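Take a look at the structure set out below.
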Amino acid sequence: MSEHRIRAELFRSLHTPGSPLVLVNAWDAASARIVAAAGARAVATTSAGVSWSVGAPDGDVLGRDAAVEVVRRVAAAAGSLPVTADIESGYGATPADVAETVRAVIAAGAVGVNIEDARGEGGAPLRDVADQCVRVAAVRAAADEAGVPLYVNARVDTFLAGAGGLDETVSRAGAYLAAGADGVFVPGVIDPGTIRALVESVSAPLNVLVGPGAPVVAELAALGVARVSLGSSVAEAAYAVARRAADEAFGAGTYGALADAIDYGAFNELMR
73 MSEHRIRAEL
83 FRSLHTPGSP
93 LVLVNAWDAA
103 SARIVAAAGA
113 RAVATTSAGV
123 SWSVGAPDGD
133 VLGRDAAVEV
143 VRRVAAAAGS
153 LPVTADIESG
163 YGATPADVAE
173 TVRAVIAAGA
183 VGVNIEDARG
193 EGGAPLRDVA
203 DQCVRVAAVR
213 AAADEAGVPL
223 YVNARVDTFL
233 AGAGGLDETV
243 SRAGAYLAAG
253 ADGVFVPGVI
263 DPGTIRALVE
273 SVSAPLNVLV
283 GPGAPVVAEL
293 AALGVARVSL
303 GSSVAEAAYA
313 VARRAADEAF
323 GAGTYGALAD
333 AIDYGAFNEL
343 MR
């Protein structure tokens, strides 16, 4: 069995309801190495952080090649850890485009993907269910063709986009699972009652997005969540330090924002 397939099988096994996989999302090689060194069981990318790091906005603006190159660097930095890639809505207008993206991220070292039903372009905030199912099926087919048991995490943006409640979310989740998804990601939900209802209604591992104000990991575990993602908030916090340092240096002329920086020598050694 190839190393790639071994990592893919390991990643799949980490999705256990009640004992969630915690993902501190990375956006470049350095953040991936930091997360790995902290004890991560897997590394996930954040499309927002990846886009910002190369000077583009989030939301299907970044080109496939640029996104895949970051996945390649993150996978190299993560070493033996499984890597899952946030591919937004697939970096392409057609299912064939989505399949091409999946083949590319697998070749770059990924063993999982997130694919969302939000539209990057104008119009309705979410794709039609039938349209999204064809795209999810294209992901599954491309992975099967590559011989990698890719973990396909179908992101349902109903709550995040304000485009549907629990019933619509569960309906979409079921359709995406039937099309070939392995898990369901519902960002925008932190209410324990709603999370429990999703766990009980979705017949696959549930992934939630967390940040300040969300239930702690132990509470989410008790609710039956299988995967916890910090998403773009880590990149946002990191860039907030840069902004505070700039505001302080250009304003008061002081450097307090840099007080908790990682030691240069320790950081440099981590990159070896």
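To get the working numbering, take the position in the sequence shown, counting from 1, and add 72. Backbone N, C-alpha and C fix where the C-beta goes; we use that ideal spot for every residue, glycine too. Quantities reported herein were computed from a predicted structural model and do not represent experimental measurements.
Beta-carbon spacing of residue i, residue j below 8 angstroms
i, j, result
"Val258", "Leu270", "yes"
"Pro27", "Pro264", "This structure leaves residue 27 out entirely; the chain is present only between 73 and 344."
"Val94", "Val300", "yes"
"Leu198", "Thr230", "yes"
"Ala104", "Ala157", "no"
"Ala290", "Thr88", "no"
"Ala109", "Leu342", "yes"
Coil, strand or helix - residue i by DSSP
i, result
"Thr156", "strand"
"Ser301", "strand"
"Gly184", "strand"
"Leu270", "helix"
"Asn225", "strand"
"Thr230", "helix"
"Gly255", "strand"
"Leu134", "coil"
"Ala286", "coil"
"Thr117", "strand"
"Ala128", "coil"
"Leu86", "coil"
"Ala196", "coil"
"Asn97", "coil"
Cβ separation of residue i and residue j, assumed to be a contact under 8 angstroms, to the nearest whole Å
i, j, result
"Val143", "Ala120", "Not a contact, Cβ separation roughly 15 angstroms."
"Ala98", "Val126", "Incorrect: roughly 14 angstroms between the Cβ atoms, too far for contact."
"Val155", "Val185", "With 8 angstroms as the limit, Val155 and Val185 do not qualify as a contact, their Cβ atoms being about 10 angstroms apart."
"Arg136", "Gly164", "7 angstroms"
"Arg348", "Pro221", "Any property of residue 348 remains undetermined from this structure, which presents the chain solely from 73 to 344."
"Ala171", "Ala214", "4 angstroms"
Close beta carbons around residue i, own chain, < 8 angstroms, minus the five adjacent residues each side
i, result
"Ala276", "Ala245, Leu249, Ala253, Asp254, Gly255, Val256"
"Leu238", "Thr266, Ala269, Leu270, Ser273"
"Leu295", "Pro264, Ile267, Arg268, Val271, Pro287"
Sequence-distant residues of its chain with Cβ nearer than 6 angstroms to residue i (five each side left out)
i, result
"Ala247", "Val201, Cys205"
"Ala138", "Val126"
7 angstroms CB neighbourhood of residue i in its chain, flanking five on each side removed
i, result
"Pro243", "Checking the sequence, you will find Ser at residue 243 rather than Pro. So no residue of the chain qualifies."
"Val96", "Val107, Ala112, Leu302, Val306"
"Ser123", "Pro129, Asp130, Val133, Leu134"
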